[in-house]
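One structure is given here, and the rest of the page talks about it.
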Amino acid sequence: KTLKETEALLNSPTFFRTHQSYLVNLNQIKEYIKGSGGQLVLQDGTIVQVARARKDALL
375 KTLKETEALL
385 NSPTFFRTHQ
395 SYLVNLNQIK
405 EYIKGSGGQL
415 VLQDGTIVQV
425 ARARKDALL
């Protein structure tokens, strides 16, 4: 399945598409790092990009 299909299946406010390549469980966000779009640090240390176009919707 594509990420878009997975996002549609989940259909939950707990998950957010931060970037074309990332679908994030909002409960796993540890930190936000400022930048043009920014980055998220997840509980396991993974760093995820945030697209500029989706930054405002996330924050």
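Heads up: the sequence shown begins at 375 in the numbering used here, then just goes up one per residue.
The C-beta atom is built at its ideal place from N, Cα and C for all residues, glycine as well.
Measure the C-alpha to C-alpha separation of Lys429 and Gly412 and round it to an integer number of angstroms. 7 Å
Could you pull the start and end residues of the alpha helix (DSSP H) that Thr380 belongs to? 377–384
Can you check whether the CB of Val415 is closer than 9 Å to the CB of Thr392? no
Separation of Ala427 from Lys404, as counted between CA atoms: 21 Å
Spatial distance of Tyr406 from Asp418 (CA atoms): 14 Å
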